[in-house]
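**Student:** Structure below; questions to follow.
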Amino acid sequence: MTADAVGGVWQYALELAAALAPLGVDAHLALIGPAPSSAQRDRAAALGVTYTETGLPLDWLAQDAAEVRRTADAVAMAAALHGADVVQLNQPAFALADYAMPIVAVAHSCVASWWDAVERGPLPTDLAWQAALTGDGLARADVSVCPSAALAGTMQRLYALPRRPQVVHNGRTAIPSTGALADHVFTAGRLWDRGKDAATLDRAAARVSMPIKAAGPLAGPHGEQVAFAYLDTLGSLSDAAVADHLSAGPIFASATRYEPFGLAVLEAASAGCALVLSDIPTFRELWDGAATFVTPGDDEAFARAIEALASDATARIEAGERARARAARYTPAANARGMADIYARAVAPRERVAA
Numbered sequence: 212m213t214a215d216a217v218g219g220v221w222q223y224a225l226e227l228a229a230a231l232a233p234l235g236v237d238a239h240l241a242l243i244g245p246a247p248s249s250a251q252r253d254r255a256a257a258l259g260v261t262y263t264e265t266g267l268p269l270d271w272l273a274q275d276a277a278e279v280r281r282t283a284d285a286v287a288m289a290a291a292l293h294g295a296d297v298v299q300l301n302q303p304a305f306a307l308a309d310y311a312m313p314i315v316a317v318a319h320s321c322v323a324s325w326w327d328a329v330e331r332g333p334l335p336t337d338l339a340w341q342a343a344l345t346g347d348g349l350a351r352a353d354v355s356v357c358p359s360a361a362l363a364g365t366m367q368r369l370y371a372l373p374r375r376p377q378v379v380h381n382g383r384t385a386i387p388s389t390g391a392l393a394d395h396v397f398t399a400g401r402l403w404d405r406g407k408d409a410a411t412l413d414r415a416a417a418r419v420s421m422p423i424k425a426a427g428p429l430a431g432p433h434g435e436q437v438a439f440a441y442l443d444t445l446g447s448l449s450d451a452a453v454a455d456h457l458s459a460g461p462i463f464a465s466a467t468r469y470e471p472f473g474l475a476v477l478e479a480a481s482a483g484c485a486l487v488l489s490d491i492p493t494f495r496e497l498w499d500g501a502a503t504f505v506t507p508g509d510d511e512a513f514a515r516a517i518e519a520l521a522s523d524a525t526a527r528i529e530a531g532e533r534a535r536a537r538a539a540r541y542t543p544a545a546n547a548r549g550m551a552d553i554y555a556r557a558v559a560p561r562e563r564v565a566a
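By my numbering, the letter at position 64 of the sequence shown is numbered 275, and the numbering carries on one by one without gaps.
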């Protein structure tokens, strides 16, 4: 299984790999891109997950299509040497190689779906070639998967796929709550990413009575940088530090315009945090009835929703319990069962032929 240490795919891959073990599936991670941090290494060790650092470039950080194809060839060779029965590519563009075993391509996000949600007009040239590789990889894979039906529909539309990708929701280990109600709002994610629209929460922060604390990087890998006037920015935090913040029971807010799934929202919900979320298809699919929804970009509405919860402890506790109950659907075990079923069906035809 390929993984990277840059974003949520690392958390997803670690917990999936650990949850597959009780099902009799031995998962080994091929780490693509930058090396993991010491905290990430410790987390992998704690879960008993093995991985190999390949030093190969990530598809969305590659210089050109040829570099992506070279990485794909290297992954295919490594999978063969490892004796893998099936390969899960968490970067679909890496399906563009000759693999000796079935390929399951999981699309967690892509530049085309990001652009579709955030910008207008055709993809610029420097992104179009990346999107083309992703589309080709999805079409070439034996099975394609998305973490939400919203993303699956978008991917089928954008890439004209003959079949909609299968949907297996992500999972995350629940974060225990202290039972407190923290006197602040919390958000987490790539703050530099325009798709996350932290700017809306920054404007809302000027209108609410409690601070909005924001965890995540302010600078991106391509030189993107942001600064905020009202958000209390915390920088990049370890998983453990984020869990500490969420266990204290803040209101959790996300104003994102683009979210294929939203592991940070799931973490907050599992800790019993009341959710204030942008009204986008993914969040409606996952959290309808368990969150307060706000029109994307409407900072005044975000402020009103936050203040309504901040001023009514009973309503806030009830909202947190609804979020916690919904989060119980999205566990690593459920994710592993869904993926293990896909692996079994992917390899079954080859087993029948061999027999």
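Built from N, CA and C at the ideal position, the CB exists for glycine as well.
Values in this document were obtained by computation on a predicted structure and should not be read as measured data.
May I ask which residues mark the beginning and end of the beta strand (DSSP E) holding residue 465?
**Tutor:** 462–465 is the extent of the beta strand (DSSP E) around residue 465.
**Student:** Does the separation of the CB atoms of residue 547 and residue 459 fall below 8 Å?
**Tutor:** Contact: no.
**Student:** So residue 307 and residue 348 are in contact, right, with Cβ under 8 Å, and what is the actual spacing, rounded?
**Tutor:** Yes, residue 307 and residue 348 are in contact; Cβ-Cβ is about 5 Å, under 8 Å.
**Student:** Closest by CA to residue 221, which one among 246, 457 and 434?
**Tutor:** If we check each option's Cα against that of residue 221, 246 comes out closest.
**Student:** What is the rounded straight-line gap between the Cα of residue 538 and the Cα of residue 293?
**Tutor:** Rounded to the nearest angstrom, the two C-alpha atoms are 35 Å apart.
**Student:** Quick check on this structure: which residue in 531, 377, 473 and 329 has the alpha carbon closest to the alpha carbon of residue 219?
**Tutor:** It is 473 whose Cα lies nearest to the Cα of residue 219.
**Student:** What are the boundary residues of the alpha helix (DSSP H) that residue 493 is part of?
**Tutor:** From DSSP, the alpha helix (DSSP H) with residue 493 extends over 492–498.
**Student:** For the pair the segment 222–235 and the segment 486–497, tell me if three or more CB-CB distances fall below 8 Å.
**Tutor:** The answer is no - the segment 486–497 does not touch the segment 222–235, with fewer than three Cβ pairs under 8 Å.
**Student:** Nearest to residue 482 by alpha carbon, out of 501, 439 and 531?
**Tutor:** The option with the nearest alpha carbon to residue 482 is 531.
**Student:** Tell me whether residue 478 sits in a helix, a strand or coil according to DSSP, three-state version.
**Tutor:** Helix, per DSSP.
**Student:** By Cβ distance below 6 Å, which residues in the same chain neighbour residue 494 in space, the five residues on each side in sequence not counted?
**Tutor:** Contacts found: 488.
**Student:** Report the option in 225, 352, 226 and 250 whose CA atom is closest to the CA atom of residue 312.
**Tutor:** Measuring from the Cα of residue 312, the nearest candidate turns out to be 352.
**Student:** Starting from residue 446 and walking both ways along the beta strand (DSSP E), at which residues does that stretch end?
**Tutor:** First-last of the beta strand (DSSP E) with residue 446: 443–446.
**Student:** Considering only heavy atoms of the ligand PLP, does any lie closer than 7 Å to the CB of residue 275?
**Tutor:** Of the ligands one can find in the structure shown there are none, so the ligand PLP has no counterpart to examine.
**Student:** Any contact between the segment 443–453 and the segment 368–383? By contact I mean 3 or more CB pairs, one from each, below 8 Å.
**Tutor:** No: the two stretches stay apart, fewer than three of their Cβ pairs being nearer than 8 Å.
**Student:** Take the Cβ of residue 341 as the centre, count every other Cβ of all protein chains shown within 10 Å, and call the residue buried at 16 or more, exposed below.
**Tutor:** Buried, since its Cβ has 16 or more Cβ neighbours within 10 Å.
**Student:** Mind reading off the beta-carbon distance from residue 426 to residue 448? Whole number of angstroms is fine, and I expect it under 8 Å.
**Tutor:** So it is a contact: roughly 5 Å between Cβ atoms.
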